[in-house]
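Colleague:
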Amino acid sequence: MNPVRNEAMTKESRFKVLLRGNIQVSIFQESIETILFQERCSTGRSHLLLSEAGQEVGAQASRGNETISITLEEIDPTQSTCKRISSDFRVMEKFRIPFRKEPSWFVSFDQIGLNSYALEMEFSEPKFASLACYRNMLFLFVSEYLRRVGAKKDLGWMRSRNIIDQPCQKKARFKLPSCYSKSSLPKLNGGLKPSGESILTECCFLGKKLRLRLLEAKHSVGVQEETVVQAAALILLARYARTETPALKTWTFVPGSEIEGGEKFHPPYVPRLAAADFSSDLRVEQLFRNLETSRRESLEEWKHLLQFGSIPTQFWHPEEFASMPEFMLWSDDEFLPAGASWVNQAKPFGGLPLPLQGDLSLEIGLTDCNLEVRVHGKSSLFDSSSLRRLLGHYDSLLCELLSGKATVVSELRMLQPYEHDLVARTWSRALPRRLCGKSALARFEEIVRTMPEHIAAESQGEKLSYGKLNERAENAAAGLKALGVESTAIIGLFAEKSLEFMVGFVAIFKMGGTYLPLSPELPPKRLHWMIEDAEPQMILTDRDLNLEKAGAPCWRIHGLEKLAANSRQSYFPEYYSTSRIAYVIYTSGSTGRPKGVKISHENLAYHLEAQHQLFSLEPKDRILQLASINFDMSMMEICISLCNGCCLILEKRENLIPGDDLARVLREKRISFLLITPSVLSEVPETDLNHIRTLMIGGEACPPKLIAKWGRSRLAFNAYGPTEATMFATAFKYQGSAEKVSIGRPVVNASAYVVDLHGQLTPVDVPGELWIGGAGVGQGYLNQPDLTCDRFAANPFDPSSEERIYKTGDLCRWNRSGNLEILGRIDQQVKIRGFRIEIGEIEQVLSDDPDVLAANVLVVGEGNRRRLKAFVQLVGDKKTGESDVLCRIREKAETQLPKYMIPSEFILLDELPLAPSGKIDRKSLISKSNVFERERNEVLPPESIDAEGVLAEIWKQVLGHDNFTNHDNFFDVGGHSLLLQQVRDEVSQRLQVKIKLIDLLTYPSIESLTQFLHVKRSPTGAQPLSFSLGSKEQERV
């Protein structure tokens, strides 16, 4: 291409250039705006403009399918007959040269023909009006345009893999695991920003042997060294970030791209996106081919661009990829011009050529006799030991890739041998491995023989000894036999907690049948569904009940005892196989269909031995049967009591309401062993309860302050275990201090493994799914073979045993002390406005606040109005200053979560509603939220229009813009707590009504606040029904 020169133009202050090509006009305009207005680039841009080293403007630049031919020509736009696409794209008022105070630019960009465009620039500063300055500025425009075209392709790939969810999300969000617990993060400065966050660096040498294997792979297989080391880095990122679509911002050497000119020009390393998709069983050789192809294409694109000119360092980081992990490779084979000032900065191991922007970066150095690896990480996520472990994991993956043993990426092992032994053998199981005691029935009958007069159960002032309970249960079992009930049958038990209930429970075990709890608390529809699915041969009840329509005959328990006496039927003990199913308990299913978990007598026997080893209960202990019989926690309360000779206390439901009522029962009944959920325990006042000597907390996450309060003067355990693993599988013993309450380690006869997306063990601090193994793992789901195959499997880490594992779906990690920490659910995701959100992550951030006792987050609304609503319960009596506390909670959340994960509303409750299981009742929260929404959406009379307009004016004044609607949340359009106080003052002054900050937080939109103010100013002064404070009086209304 031969440019047409005009010598006069070097003396004029206006520059005109012709661009030919299929240019995307909107992107080119955005590129001009970026170059002119981006403050972070001003210094490098000024250096370029003052440079007199230039060349004729006649070149060709390309990126992918985009090619621009640039020629310096005289252009007379007045003679153009073509339509001007952007007739007055003039950006004169905002851009300022750093050395001047006044605007000094004029730029226009117009289409003058088919694939022909005119770009016109003018400097008002004479010393910049040179051809070299214009040429350099033109190059910045074109290079930014080509970068954006390439980034658009990369962003498309990332959005298709959900690395970036929506076009409005500018930065890729990779959730790298932190080595810190939430409560032990580096201290925050003022509670908002990390104090003194720094970059930590660790280095290792992988040795000559591995270096030679890289060279062998290059010459024998034809795989470039960069491809292999980059593949290992991508696999490492995928395992650490728990993703199947890892992506790295890599720095690649481009031969022949060295440009003289010192620091103001770049070294021959150029940025590009390296990515992979491991969603299928990708083979190692296919991964190499994909990366090699991507590398060649990217290098060709950059070579075209670099022939046109040099890129200032400030433009190397596309904004969209600023937070991405980084990767750089250098080698002695690369041509590095002597005397270039940037050489000493980039090599050897002087750090990346730019400051670290992502959370993690990896440098690889290839020398003749060694392979050097250096990792840089932000101190808010990593410490030195975690970075050293990461280097070891990279070493393992690189060795696995070069060994050729694994042909599929998912089979590559990341853990080093010592670490594999630690998490797969030492921490994963308790010793002895399989310690089996007597069955539940054998333990009970031994108590009957040795201490028949000891009280087994108390209920409503009545007592039942072990001898009498055994006698009545045998009579009931004999009655079942007289009715022809088979010993292997499923037998339902529909009864309130009472002595009669205990007789029916023991009778079913003596029969050898399968216990099916049917709580009277359950809705009839759910009861009928469970009966139809389980098909019990008989249902025992404590009342007249007709469930014949469900196909199940019913008998009252005391009627069975009479039947046995009248028919002179005797009980003959039957020694049945421990492989028989002991009980079936239905739990909620993700599909909405309850699933019946089958637990065998063998599972129960192994678990009872673990309980015996952990708690050492004595006959003098008194245990409260607190849990609903719908849940396996009730099985633990009953079995641990009857099998250790303890006294089980049964109370009516109305006497067990969390709070003073429950505390009264604990005192009066002198309970010594208590099994309870954190939500219920937090409501119990700790007054005169020293007789509770053992406390077992379970069912949900336990706040550190709660176990610290209750664990001071007694044994306190935090236990974990799904119903599918027989009550509980791990336990943490509180020993005086705990920054974060873990779930401990596996108990006797149980094992635990934390695995990645492909079933490989994860290292310390790296999250994965928790798999529970051992003799307590149940027999699957009743009548659901597909679901059983999906969630239960043979133990892959101990193939010589017959153990099975259960895939819990809980996100977990090993901490450095060898305890397990639950981080949430792997499937608790919602999508709002296109963003994927983990509800558990938000709840964890809110719960970590010292003033928050419990927090739950719900998704409310439909369609585009879906949003997050947080329900918060504060510690103790926080009535005074609660608005300030709520503001601070929100501000703290804003420092840890992206904007789209901040709840639009925070509602304070005196207490969170509890389900019968003792866990938070989310359905009740939803119903409260719906009542609140109906009150907000009531139609207002015309008088409210004025208030709406005044509020809009106040928002505009306080926020400094009017880019909002009446439905927008104040905090979603730039508001924060300080501005909220200004809104309160303006509303009080201009509308003559006094409101509190808590009102503005409860009604955060103009629409909702207008409704609130209308009711507040009404003659009756009646308040809208609001659960924002959630008092007991309001709940009764």
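All residue numbers for the sequence shown refer to the numbering used here, where the first residue is 48 and numbers rise by one. Using N, Cα and C, we set each Cβ at its ideal position, and we do this for glycine too. Bear in mind the structure is a predicted one, so any value in this text is a computation, not a measurement.
Which of the three DSSP states, helix, strand or coil, is assigned to tryptophan 576?
Modeller: Shown here, tryptophan 576 sits in a helix according to DSSP, grouped into three states.
Colleague: Taking C-alpha atoms, which residue in Leu459, Gly451, Glu608 and Ile819 lies nearest to leucine 281?
Modeller: Nearest of Leu459, Gly451, Glu608 and Ile819 to leucine 281, Cα basis: Leu459.
Colleague: What residue does the beta strand (DSSP E) around threonine 290 start on, and which one ends it?
Modeller: Taken as a continuous stretch (DSSP letters only), threonine 290 belongs to no beta strand (DSSP E), as it is neither H nor E.
Colleague: Under the assumption that cysteine 251 contacts leucine 438 (Cβ atoms under 8 Å), give the Cβ distance between them as a whole number of angstroms.
Modeller: In this structure cysteine 251 is in contact with leucine 438, their Cβ atoms being roughly 5 Å apart against a cut-off of 8 Å.
Colleague: Looking at the strands, I want to know which residues DSSP matches up with valine 29.
Modeller: Nothing about residue 29 can be reported from this structure: the residues present for the chain run from 48 to 1084 only.
Colleague: Check whether the region 1048-1059 and the region 1009-1018 touch, using three or more Cβ-Cβ pairs below 8 Å as the test.
Modeller: yes
Colleague: Which two residues bound the contiguous beta strand (DSSP E) that contains alanine 841?
Modeller: From DSSP, the beta strand (DSSP E) with alanine 841 extends over 839-841.
Colleague: Do phenylalanine 720 and isoleucine 790 have their C-beta atoms within less than 7 Å of each other?
Modeller: no
Colleague: Quick one: what does DSSP say tyrosine 181 is sitting in, helix, strand or coil?
Modeller: helix
Colleague: If we cut at 7 Å on Cβ distances, does isoleucine 696 have a partner in chain C?
Modeller: This model lacks chain C altogether, as it is built from one protein chain only.
Colleague: Looking only at its chain, what residues have a beta carbon closer than 7 Å to the beta carbon of leucine 959, apart from the 5 residues adjacent to it on each side?
Modeller: Ser726, Ala901, Asn903, Phe918, Gln920 and Ile967
Colleague: If you drop the 5 nearest sequence neighbours on each side, which residues of the same chain put their C-beta closer than 7 Å to that of phenylalanine 25?
Modeller: Residue 25 lies beyond the stretch modelled for the chain, which goes from 48 to 1084, so this question has no answer here.
Colleague: Can you find the residues in the same chain that come closer than 8 Å, C-beta to C-beta, to methionine 498, ignoring five residues on each side of it along the sequence?
Modeller: Closer than 8 Å at Cβ, skipping near neighbours: Tyr513, Pro666 and Gly692.
Colleague: Around the Cβ of threonine 773, are there at least 16 other Cβ atoms within 10 angstroms (buried) or fewer (exposed)?
Modeller: Around the beta carbon of threonine 773, 16 or more other beta carbons sit within 10 angstroms, so the residue counts as buried.
Colleague: Rank Leu187, Tyr192 and Ile70 by C-alpha distance to the C-alpha of asparagine 162 and give the top, closest one.
Modeller: Ile70
Colleague: Are glycine 820 and glutamate 850 close, meaning C-beta to C-beta below 7 Å?
Modeller: Result yes, Cβ atoms of glycine 820 and glutamate 850 sit closer than 7 Å.
Colleague: Should leucine 546 and leucine 511 be called a contact, given that it needs their Cβ atoms to be closer than 7 Å?
Modeller: yes
Colleague: Between Leu320, Val788 and Glu332, which has its C-alpha nearest arginine 342's C-alpha?
Modeller: Leu320
Colleague: Rounded to the nearest angstrom, what separates glutamate 1089 and alanine 822 at their Cα positions?
Modeller: Residue 1089 is absent from the structure shown; the chain starts at 48 and stops at 1084.
Colleague: State the beta-bridge partners of isoleucine 949 as determined by DSSP.
Modeller: DSSP, once it has assigned bridges, lists no residue as partnering isoleucine 949.
Colleague: Might you give, ordered along the chain, the residues of its own chain that have their beta carbon closer than 7 Å to the beta carbon of tyrosine 287, omitting 5 neighbours on each side?
Modeller: Only Leu223, Pro224 and Val813 meet the Cβ criterion.
Colleague: Could you have a look at aspartate 157 and say whether DSSP puts it in helix, strand or coil?
Modeller: strand
Colleague: Enumerate in chain order the residues of its own chain whose CB-to-CB distance from leucine 257 is below 6 Å, with the five nearest sequence positions on each side excluded.
Modeller: Leu418
Colleague: Taking just the CA atoms, how far does leucine 66 sit from serine 134?
Modeller: Below a pLDDT of 50, predicted positions are generally treated as unreliable, and serine 134, at 29, falls in that range; no measurement from the model is reported.
Colleague: In its own chain, which residues sit with a C-beta less than 6 Å from the C-beta of valine 270, not counting the 5 before and 5 after it?
Modeller: Within the same chain, valine 270 has close Cβ partners Ala264 and Phe335.
Colleague: Do you know whose CA, among Ser681, Asp580 and Pro571, lies nearest asparagine 830's CA?
Modeller: Asp580
Colleague: What residues in its chain sit with their C-beta under 7 Å from that of lysine 255, if we drop five residues either side in the sequence?
Modeller: The beta carbon of lysine 255 sits closer than 7 Å to those of Cys416 and Asn417, all from its chain and outside the five residues before and after it, given in chain order.
Colleague: By the three-class DSSP mapping on this structure, what secondary structure does alanine 529 have?
Modeller: helix
Colleague: Can you find the residues in the same chain that come closer than 7 Å, C-beta to C-beta, to aspartate 328, ignoring five residues on each side of it along the sequence?
Modeller: Val455 and Ser457
Colleague: Comparing C-alpha positions only, which one of Ser267, Ser326, Asp1019 and Ile82 sits nearest to methionine 1?
Modeller: No statement about residue 1 is possible, as the shown extent of the chain runs from 48 to 1084 and does not include it.
Colleague: Look at alanine 523 and leucine 661 and say whether their C-beta atoms are less than 7 Å apart.
Modeller: no
Colleague: Excluding the 5 residues flanking valine 802 on each side, which residues of the same chain have their C-beta closer than 7 Å to its C-beta?
Modeller: Leu808, Thr809, Gly815, Glu816 and Trp818
Colleague: If you run the structure through DSSP and keep just helix, strand and coil, what is asparagine 677?
Modeller: In the structure shown, the three-state DSSP call for asparagine 677 is coil.
Colleague: Using a Cβ-Cβ cut-off of 7 Å (strictly less than) and excluding sequence neighbours within five positions of leucine 870, which residues of its own chain qualify?
Modeller: Pro814, Leu858, Cys859 and Arg860
Colleague: Between the Cα of alanine 520 and the Cα atoms of Ala536, His501 and Val495, which residue gives the shortest distance?
Modeller: Val495
Colleague: To which residues of the same chain is leucine 664 closer than 7 Å at the C-beta, ignoring the five residues directly before and after it?
Modeller: Ile687, Asn691, Cys693 and Phe720
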